[in-house]
Each structure stands twice: as C-alpha cells, then as structure tokens.
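Undergrad:
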Amino acid sequence: LSQNTLTKLVNHKLYDQLHAATTTLHRTILDNMNGPASGSWIYPNPQSTQNLTDLHYTTALKLRLGIAVHTHDHSCKHNNNGTQCSQPLDTHAHHSLTCATGPHRTQRHDNIKITLNKWIKTHGYHTQLERHTPDLDTHHDDGSHTKAIVDIVATQDTQVHYIDVTVTSPLTTETVTHDQPPSTKNPTQRREQDKRRKYHNHCNLQPFVLTTYGKLGHDAITPLRRMAPTDPETRSESLNRIYHDIATTLQHGNAESILASQPTPHPSTRPPTTNPTI
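Note that our numbering gives residue 0 to position 6 of the sequence shown, counting from 1, and the numbers run on in steps of one.
#1: Straight-line CA distance for I288 to K107?
#2: Provide the residue(s) that pair with T205 in DSSP beta bridges, ordered along the chain.
#3: Could you check which residue in K112, G118 and T182 has the C-alpha nearest to that of L204?
#4: Would you give the residue range spanned by the alpha helix (DSSP H) that H88 belongs to?
#5: Going straight from the alpha carbon of R264 to that of D225, what length do you get?
#6: For T121 and D131, which I take to be in contact (beta-carbon distance under 8 Å), what is that distance rounded to the nearest angstrom?
#7: With distances taken Cα to Cα, identify the nearest neighbour of R102 among T160, S230 and M221.
#8: If you drop the 5 nearest sequence neighbours on each side, which residues of the same chain put their C-beta closer than 6 Å to that of N73?
#9: Quick check: the region 2 to 21 against the region 182 to 194, are there 3 or more CB pairs under 8 Å?
#10: Which of the three DSSP states is assigned to T140 in this structure?
#11: Per DSSP, P82 is paired with what?
#12: Do you know offhand how far N195's Cα is from V154's?
#13: Using the C-alpha atoms, what's the distance from Q245 back to Y7?
#14: State the beta-bridge partners of L46 as determined by DSSP.
#15: On the DSSP letters alone, give me the boundaries of the alpha helix (DSSP H) that H246 sits inside.
#16: Tell me the start and end of each unbroken beta strand (DSSP E) in the region 98 to 140 that is at least 3 residues and wholly inside, in chain order.
#17: Classify K71 as buried or exposed, calling it buried when 16 or more other Cβ atoms lie within 10 Å of its own Cβ.
#18: Which residues bound the alpha helix (DSSP H) around A15?
#19: Between which two residues does the alpha helix (DSSP H) harbouring Q183 extend?
#20: May I ask which residues mark the beginning and end of the alpha helix (DSSP H) holding V170?
#21: Could you please give the first and the last residue of the uninterrupted alpha helix (DSSP H) stretch that includes D25?
#22: Answer with buried or exposed for V4, where buried requires no fewer than 16 other C-beta atoms within 10 angstroms of its C-beta.
#23: Do you know whose CA, among T43, R125, C93 and T92, lies nearest W113's CA?
#24: Quick one: what does DSSP say A214 is sitting in, helix, strand or coil?
#25: Which residue wins for smallest C-alpha separation from P38, given the options I236, N248 and E250?
#26: Tell me, which residues are paired with I36 by DSSP?
#27: If we call anything under 9 Å between Cβ atoms a contact, is I143 one with P30?
#28: Since P128 and T22 should fall inside the 8 Å C-beta cutoff, what is the C-beta to C-beta distance between them, to a whole number of angstroms?
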C-alpha cells in the first residue's frame, strides 16, 4: 500500500470510531461537514481574495468542531426594525443560524448567490439575478398564480440553468437540547426534493442546497462540475476556487449571525453587496 492510501485507511478508521462513540448531536455535525466544499475555508486559497477575520474564523471553527458557542441563559439579540427576537439561544447555534429576525439569514443567502454568480459568469455564461421565470410559476385552482423568482438564471448557447440557493440546518431544537436524532440524515436531499416539487420537477432547475456546516447537496455539485473548464489543470483550479469561496462566504455569514445574536457587541465586517470579498 502507498503512504497516501494507508493514511486514508487510518483516517477512515479513526473517523468511524469517533462517529460511533460520540453523541447524536456531534454525529449529526460530523455527517454534515464532508464533501468537497465543507472545510475548504480552513486554509487560504491563492486563487481567491476571500478570507475570514480572526474573529469570524474562530467562531466558524468552534461551529465545525462542535464546541458550544452560546450559554443557556442568553436570549437572541437579532433585531428587526427595533423588534428583538428574544428567543433563548441553544448551545450549538441552531437558533442563531436559522433565526428569521434581522438581516443575517438573508444576507448569508444573498452573498452565496453573488459569489456563485460571479464564478458562473467567468465561464462564459450570461446570468440574471432574482429573475421571474414563468416556466416555474405555480398555478392555483382559483385561477391565480404564484410567480417563481429564481436566484440565478444562467444561459450559454442552448443551455439554461435555473439555480435556486438554499442554506439549511441539519440540526433541530430536540437534537441540541435532548440529543435526539433529526428527522432526516440527509437534509440536502430533502430540500432538493422540496425545491423540485415546488417547481414541478422542471428539467432546467438546479437546487443549490448546502447545510450550515458546509455540506453541498448532490444537485449543487453537479452544475459546478458541468460549468467548470474541461482542461484538467484549469478545471481543478476553478473548482477549488469556487469550493473555497462558497465555503468562506457561508462561514462568514454563519459567524455574523452567531455574533449578532449574542449580548456582547462585535465589529461587523459584512462583505459588500456587489462583490462579497471577505
């Protein structure tokens, strides 16, 4: 056996032992931080301009390692036009990462969309953001219809991709507070199925789903590989860059949401809305 193969076998063995011996909460975290983009933010990428500040990096690292980031006696400080959330914070940030109060969840989503759109454009696609797509509208029995607003419409020659970004938490309140297993072991697949049902299984739909811990869904990886260059050298660089940029953008948004929910103020370093350099 080569040294590389032997190292992989040892790592897999150690992972299996850790997975079997740990709590349901930490097992769920482990299940949702594998894949090509999950941990790419940990190391700098020379092809990328996106990096995390020390404060955001430390917060994201605690989240990845399953270290408690909140205490039980604090309530959420997310604020929306003077109205504070005030829901209790759980130890592992499930609430603060999914809280709908304030701008943080939307900003995280939008910055991932902008990061992805920028990469797609560099590969020759014409893109439109937040575009009404009549093909995906939902028509109701009473004659009304709901407009489908897609995050990114990417076109090249005869190819059309309707890309819809979603960030989902693999945890539940019961998982964090009572160590109970979540309802599904594959939250990205469930959200992909939800998106496909919502948009009538349209053949051009690409649900771009990732978990708060960075795991990309199958339907997110597929278009990235399809749009990347075919030349082996540039293809590898391009995919490594987008994996790093998506992961960094996600973890920046996670850290912002966590830090803003805590009672101690922190200096905000939100990325600009047009080019999320972090």
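We treat Cβ as the ideally placed atom computed from N, Cα and C, and that holds for glycine.
TA: Working from what's here:
#1: In the structure as shown, the chain begins at -5 and stops at 272. Residue 288 is therefore absent and cannot be evaluated.
#2: T162
#3: T182
#4: H88 to T92
#5: Confidence at R264 is low in this model, with a pLDDT of 48, below 50, so its placement is unreliable and the value that follows should be read with caution. Looking at the two C-alpha atoms, the distance is approximately 35 Å.
#6: Their Cβ separation, rounded to whole angstroms, is 21 Å, which puts T121 and D131 out of contact at 8 Å.
#7: T160
#8: G96
#9: no
#10: strand
#11: S69
#12: 15 Å
#13: Per the sequence presented here, residue 7 reads as Lys, with Tyr not at that position. One C-alpha to the other measures close to 28 Å.
#14: DSSP output for L46 lists no bridge partner at all.
#15: P226 to S255
#16: 120 to 126
#17: buried
#18: Q(-3) to A15
#19: P181 to K192
#20: T167 to H172
#21: T18 to D25
#22: exposed
#23: T43
#24: helix
#25: I236
#26: Answer by DSSP bridge pairing: none, since I36 is not bridged.
#27: no
#28: 39 Å between Cβ atoms; not a contact.
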